[in-house]
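Step one of this worksheet: look at the structure below.
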Amino acid sequence: MTEAHIKVAREDTVGIIQLYRPEVANALNRKMVDEIVNQMEEFDRDDSIRVILLKGNEKAFAAGADIDEMVEETALTLELANPFAVWDRMTLIKKPTIAAVKGFALGGGFELALHCDLIVAAENAKFGFPEVTLGIMPGAGGTQFLAKAMGRAKALEWIWLGQPMSAGEALQYGVINRVVAAELVEEESMKLASQLAKQAPISMRLIKEAVDAAGDLSLIEGLKLERKNFYLAFASEDQKEGMEAFIEKRRPSFRGV
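Position 46, counted from 1, in the sequence shown is what this note's numbering calls 63; the numbers after and before it change by one each time, with no gaps.
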């Protein structure tokens, strides 16, 4: 049996995936990415899980792709292997996803964090795309996610220079959501996950779909999708529970139906 590159845990309704290749600062190889995505999909199918949390270790979330695995690749071998198809599956995850980042999140590690809906980072976290210094470029969505988050000009500057971005800078440019002391990252991430887990799952899913589409649709098309999803929410029992709880001045108990 081959060694797993992740550790999996559950804390109440939060599914936790820990990247676990500490000997190489959690560098991402294809097997590891497969394991991450497969587990994310398993949590996504599990009705007892409301939120998915990804984390690394004290030194690194993930310090990039495994260069040893890539050094002999050619354009043809990459085209045939299609290694980024598995990354595309991350964009289909319906439940909220959070990246808890300590230390380095570089290259593929940064792309993995950007595939998550929210990012909580330690004050000492470093983000960046050093691919240009290797004569290549981001390939798992880095150019697209960063440009959407911070705008074309700043994204080009960071990716062209290949320099690391501090957690403070990433927060300033809207790339991440929260910055806390390193020793509080997991606590803050779990607190955020627990807050999200109490919300109505169907509403969360419909909101995520509408927000994700906002950057790609015209305003009119985006409004149409938002209104369709608004109407769909009224087909759920959670909508009735939420409004009844409001009228009765009690906390709602959402079941995701």
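Think of the CB as a built atom: it goes at the ideal place given N, C-alpha and C, for glycine as much as any other residue.
DSSP places F121 inside the beta strand (DSSP E), whose first and last residues are 121–123.
Bounds of the beta strand (DSSP E) holding T114 are 114–118.
Secondary structure note for V31: its beta strand (DSSP E) is the uninterrupted segment 31–36. If you draw a 10 Å sphere on the C-beta of S220, you find 16 or more other C-beta atoms in it, and that means buried. DSSP places E28 inside the beta strand (DSSP E), whose first and last residues are 23–28. The bridge partners DSSP lists for I153 come to none. The beta carbon of L123 is closer than 8 Å to those of A79, A80, G81, K143, F144, G145, F146, P147, P181 in its chain, skipping five residues each way along the sequence. Contact between A116 and L45 does not hold, since their C-beta atoms are separated by about 13 Å, which reaches or exceeds 8 Å. For A157 and M87, the gap between their C-alpha atoms comes out near 14 Å. The beta-carbon distance between A231 and N246, rounded to whole angstroms, is 12 Å. This is too long to meet the 8 Å contact definition. In the three-state DSSP reduction, S65 falls in the coil class, being neither helix nor strand. Under DSSP, no beta-bridge partner is assigned to L93.
Spanning the alpha carbons of I110 and I136 requires a straight line of approximately 16 Å. Between H22 and R38, the C-beta gap is smaller than 8 Å, which places the two residues in contact. The beta-carbon distance between V103 and D51, rounded to whole angstroms, is 6 Å. This is short enough to meet the 8 Å contact definition.
In the same chain as K165, and ignoring 5 residues on each side of it, the C-beta atoms closer than 6 Å to its own belong to G232, in chain order.
DSSP places F60 in the helix class (H, G or I) of the three-state scheme.
Within the same chain, Cβ atoms closer than 8 Å to the Cβ of L178 are found at V149, the five residues on either side in sequence being excluded. Rounded to whole angstroms, the Cβ separation of A138 and V196 is 5 Å, and the two are in contact under 8 Å. Its chain contains F144, I193 as the residues whose beta carbon lies nearer than 6 Å to that of A187, once the 5 sequence neighbours on both sides are disregarded; these appear in chain order. Partner residues in the beta bridge of R195, as assigned by DSSP, are V137.
Rounded to whole angstroms, the gap between the alpha carbons of A172 and Y248 is 36 Å. Within the same chain, P113, T114, I115, K225 come within 8 Å of D134 by CB-CB distance, once the 5 residues on both sides are set aside.
Distance from the CA atom of D105 to the CA atom of E243, rounded to whole angstroms, is 23 Å. Taking 8 Å as the upper bound for CB-CB distance, A214 and T30 are in contact here, some 4 Å apart.
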